[in-house]
Amino acid sequence: MTVFKDLITPTVFKKTLTFKRNELIKSSGTVDSKIYFIKKGSLKISIFQQHAEQIIRLGYTGDLIVAMDSFFDGCHSDFVIQAIKKTEVLVAEKEDFMHFVYESPENTSLYINILEGLVKQQLDREQDLLQDSPKIRYERVFKRNPLLFQIIPNKHIANYLRMTPETFSRISKS
Numbered sequence: 000m001t002v003f004k005d006l007i008t009p010t011v012f013k014k015t016l017t018f019k020r021n022e023l024i025k026s027s028g029t030v031d032s033k034i035y036f037i038k039k040g041s042l043k044i045s046i047f048q049q050h051a052e053q054i055i056r057l058g059y060t061g062d063l064i065v066a067m068d069s070f071f072d073g074c075h076s077d078f079v080i081q082a083i084k085k086t087e088v089l090v091a092e093k094e095d096f097m098h099f100v101y102e103s104p105e106n107t108s109l110y111i112n113i114l115e116g117l118v119k120q121q122l123d124r125e126q127d128l129l130q131d132s133p134k135i136r137y138e139r140v141f142k143r144n145p146l147l148f149q150i151i152p153n154k155h156i157a158n159y160l161r162m163t164p165e166t167f168s169r170i171s172k173s
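This is the structure we're talking about:
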């Protein structure tokens with residue numbers, strides 16, 4: 000929470016919502032111009048292809064989650080945002096968030112830092128997925144974020160890493 004302490008204010012994040020385990024925050028094919036700060040709990044962003052879920056992002060306490068395509072463009076997004084367990088989020092509407100961003104040079108700089116962080120995470124994710132070896136994918140993500148493995152259930156991490164739960168279990172025990 001300290002990373003975003005200047006951002007988490009009642010003038011930006013005006014609502015608090017609680018979602019039950021497996022409850023949808025954003026459905027596929029909808030527009031979502033909100034940004035979510037996870038106050039407590041965990042979320043996943045997924046896309047469904049050929050009737051199979053593919054998790055593309057995992058978030059937990061202290062993270063910002065957003066359907067970026069929809070947030071930036073106001074377009075319908077195929078991404079699904081769903082609670083992994085009971086989760087409390089602070090919600091900011093795009094208008095309030097962008098007003099904050101352009102209110103001062105410091106806020107604009109914070110926004111640039113957030114965007115740079117998201118781009119870096121995406122580049123790391125793409126590089127992870129280019130690895131042929133499930134073991135290397137596991138090791139890269141574990142090295143980058145060991146806390147993830149303590150908070151998020153293994154089946155979700157396995158999906159995120161594009162491996163079966165059995166492969167994940169075998170690798171994590173070695």
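Mapped onto numbering that gives the first Met the number 0, the consecutive letters of the sequence shown carry residue numbers 0 to 173.
Virtual Cβ for every residue (Gly too), placed ideally from N, Cα, C.
Everything numeric in this text was worked out from a predicted model, so none of it was measured.
Item to complete: Starting from GLU87, trace the beta strand (DSSP E) both ways and give me its first and last residue.
Response: Taken as a continuous stretch (DSSP letters only), the beta strand (DSSP E) holding GLU87 covers 86-92.
Item to complete: Please list, in chain order, all residues of the same chain as LEU160 whose beta carbon is under 8 Å from its beta carbon, the five residues on each side excluded.
Response: ASP127, PRO133, ARG136, TYR137, VAL140 and PHE167
Fill in: THR107 (DSSP reduced to helix, strand or coil)
helix
Item to complete: Kindly indicate which three-state DSSP category VAL100 falls into: helix, strand or coil?
Response: helix
Worksheet item: So PHE78 and LYS119 are in contact, right, with Cβ under 8 Å, and what is the actual spacing, rounded?
Response: With a contact defined as Cβ atoms closer than 8 Å, PHE78 and LYS119 miss out at about 19 Å.
Worksheet item: Which of the three DSSP states, helix, strand or coil, is assigned to ILE83?
Response: coil
Worksheet item: If we count the other Cβ atoms within 10 Å of its Cβ and call it buried at 16 or more, is ILE37 buried or exposed?
Response: buried
Worksheet item: Between the region 88-101 and the region 45-56, are three or more C-beta pairs nearer than 8 Å?
Response: Verdict: no, contact absent.
Fill in: Three-way DSSP call (helix, strand, coil) for THR163 in this model
It is coil, neither helix nor strand.
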